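*Asks:* Before anything else, here's the structure in question.
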Amino acid sequence: MTIPCFALVCSDSALLDTAIAPFAPSLLTDGPQGWGMAYYQNGQPLLRKQPRPTEGPLDLAAAASNLKTSILIGQLREPSDTPNLNENTPPFRFRHWTCSLLGAPKNLGDAQAQVEDAIPDFIRRNIRGQTSGEVLFHLLLAFLNDAGKLDDPRAPAANVARALSSTLAYVDSLVGDDWDYCCIASNGHTLVATHRGLPLHLTRHSSYRNVGTGPDDKPLSYPHLRAAMILGGKMPEGEGWERVAEDVVLMANADLDIELTTPPSSSSPVS
Numbered sequence: 001m002t003i004p005c006f007a008l009v010c011s012d013s014a015l016l017d018t019a020i021a022p023f024a025p026s027l028l029t030d031g032p033q034g035w036g037m038a039y040y041q042n043g044q045p046l047l048r049k050q051p052r053p054t055e056g057p058l059d060l061a062a063a064a065s066n067l068k069t070s071i072l073i074g075q076l077r078e079p080s081d082t083p084n085l086n087e088n089t090p091p092f093r094f095r096h097w098t099c100s101l102l103g104a105p106k107n108l109g110d111a112q113a114q115v116e117d118a119i120p121d122f123i124r125r126n127i128r129g130q131t132s133g134e135v136l137f138h139l140l141l142a143f144l145n146d147a148g149k150l151d152d153p154r155a156p157a158a159n160v161a162r163a164l165s166s167t168l169a170y171v172d173s174l175v176g177d178d179w180d181y182c183c184i185a186s187n188g189h190t191l192v193a194t195h196r197g198l199p200l201h202l203t204r205h206s207s208y209r210n211v212g213t214g215p216d217d218k219p220l221s222y223p224h225l226r227a228a229m230i231l232g233g234k235m236p237e238g239e240g241w242e243r244v245a246e247d248v249v250l251m252a253n254a255d256l257d258i259e260l261t262t263p264p265s266s267s268s269p270v271s
């Protein structure tokens, strides 16, 4: 089974259903599996989750229906021995930060205490589940705190990218780099994504013309609408996708400005 994670950035939060439609074929996946989504309204992160497995094929685009947001992050639950609970279902949230992490070190358990010791108490207290992904998200928060950007809702993308790179490098220093991942994080203004070993692709769409009919049966067109889709963990359907190089951090914002960077990393956070 492919276990995808994804992020959608669109220029009009009121038109998410329209913006996501061209990417729907790539968001169909086999069941049964639980899923979660993070999105933003009025600058606040909200979660929509279905932790219990659903029978049959799962349409993640349909699962996001009726949401009003310009940034959406989603992920399927990976098979694990953890209970099917919201707190074990990504994406995870802390203040205005949200994060999806697909993949985790197989031997993190041997180093988990050291990872948790690197996280300040006020951040660590937010850990509610039993997944490695949630622990690593809070390690990312620790690096953001070190950089003075934890409480900055408009933290520059470069700072967030560096914190993400430092998080993954620190874990590698403890357990080695023999693990694959896709990671997506956002504060509602900036979104960053990176990967290793698992596929990560990007595509853009701006041709939202004749996308349906209105109450008066006139064709609906939204020439102002633009969107970008980031898909991790599975190969995309259709044409127009570009592969993101491994260990490069993709940076995007709600204005659809997209950059790729290889930021320097710090050795460890100061807890």
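All residue numbers in the sequence shown are consecutive under my numbering, ending with 271.
Glycine is no exception: its CB is placed at the ideal position from the N, C-alpha and C atoms.
Given the structure is predicted, the values throughout are model-derived calculations rather than measurements.
#1: Can you look up threonine 203 in the DSSP assignment and give me helix, strand or coil?
#2: From Asp152, His138, Pro90, Leu140, pick the residue whose C-alpha is nearest to that of glycine 43; which is it?
#3: Grouping DSSP H, G and I as helix and E and B as strand, with all else coil, what is threonine 194?
#4: Along the chain, where does the beta strand (DSSP E) that runs through glycine 34 open and close?
#5: Need the endpoints of the alpha helix (DSSP H) that isoleucine 127 sits in, please.
#6: How big is the Cα-Cα spacing for glutamine 112 and cysteine 182?
#7: Are there 16 or more other CB atoms within 10 angstroms of the CB of proline 79, so buried, or fewer, so exposed?
#8: Sort Thr29, Glu259, Val160, Pro22 by Cα distance to glycine 212 and report the nearest one.
#9: Output yes or no for whether 7 Å exceeds the beta carbon distance between leucine 101 and glycine 133.
#10: According to the Cβ coordinates, are leucine 256 and valine 248 closer than 7 Å?
#11: Decide if arginine 154 is buried, meaning its Cβ has at least 16 other Cβ atoms within 10 Å, or exposed.
#12: Only counting the same chain, and skipping five residues up and downstream in sequence, which positions put a Cβ closer than 6 Å to that of arginine 77?
#13: Nearest by alpha-carbon distance to glycine 292: which of Ser26, Leu16, Asp59 is it?
#14: Looking at the C-beta of glutamine 41, does it have a partner C-beta in chain C at a distance below 7 Å?
#15: For aspartate 59, does the three-state DSSP call read helix, strand or coil?
#16: Here's the rule: buried if 16 or more other CB atoms are within 10 angstroms of the residue's CB, otherwise exposed. What is glutamine 75?
#17: What did DSSP end up calling isoleucine 119 once you bin it into helix, strand or coil?
#18: How many whole angstroms separate the CB atoms of alanine 193 and alanine 7, which I take to be in contact at a CB cut-off of 8 Å?
#19: Check this for me: beta carbons of alanine 161 and proline 263, under 7 Å apart or not?
#20: State the start and end residues of the unbroken alpha helix (DSSP H) segment that holds serine 166.
#21: Just tell me which of Val135, Gly109, Ala245, Gly129 has its CA closest to the CA of proline 120.
#22: Are there 16 or more other CB atoms within 10 angstroms of the CB of glycine 109, so buried, or fewer, so exposed?
#23: Residues in the same chain with beta-carbon distance under 8 Å from glycine 31, minus the five sequence neighbours each way, listed in chain order, please.
#24: Is threonine 54 helix, strand or coil by DSSP?
#25: Let me know if alanine 245 comes out buried or exposed under the rule of 16 or more other beta-carbons within 10 Å of its beta-carbon.
#26: Whole-angstrom Cβ separation of leucine 225 and cysteine 5, contact assumed at under 8 Å?
*Replies:* According to the structure shown:
#1: In the displayed model, threonine 203 falls within a strand according to three-state DSSP.
#2: Here the closest residue by C-alpha is Asp152.
#3: Three-state DSSP puts threonine 194 in a strand.
#4: Here the beta strand (DSSP E) through glycine 34 covers 33–41.
#5: No alpha helix (DSSP H) holds isoleucine 127; DSSP gives it neither H nor E.
#6: Approximately 19 Å between the Cα atoms of the pair.
#7: Exposed, by the Cβ-count rule.
#8: The shortest C-alpha separation from glycine 212 is found at Pro22.
#9: For leucine 101 and glycine 133, yes; Cβs fall inside 7 Å.
#10: The answer is no: Cβ separation not under 7 Å.
#11: Taking every protein chain shown into account, the CB of arginine 154 has fewer than 16 other CB atoms within 10 angstroms, so this residue is exposed.
#12: If we look at arginine 77 and ignore the five residues flanking it on each side, its Cβ neighbours are Gln33, Gly34, Thr89.
#13: This structure gives no information on residue 292, because the portion of the chain shown stretches from 1 to 271.
#14: The structure shown contains no chain C, having only a single protein chain.
#15: In the three-state scheme derived from DSSP, where H, G and I count as helix and E and B as strand, aspartate 59 is classed as strand.
#16: Flag for glutamine 75 reads buried.
#17: Under the three-state reduction of DSSP output, isoleucine 119 falls in the coil class, being neither helix nor strand.
#18: Confirmed, about 6 Å.
#19: In this structure, proline 263 lies closer than 7 Å to alanine 161 by Cβ.
#20: Element bounds for serine 166: 157–175.
#21: Checked all of Val135, Gly109, Ala245, Gly129; the closest Cα to proline 120 is Val135.
#22: It is exposed - the Cβ of glycine 109 has fewer than 16 other Cβ atoms within 10 Å.
#23: Once the five neighbours on either side are set aside, the close Cβ partners of glycine 31 are Pro53, Thr54, Glu55, Gly56, Pro57, Leu58.
#24: It is a strand residue.
#25: Looking at its Cβ environment, which holds fewer than 16 other Cβ atoms inside 10 Å, alanine 245 is exposed.
#26: In this structure, leucine 225 and cysteine 5 do not form a Cβ contact; the two beta carbons are roughly 24 Å apart against a cut-off of 8 Å.
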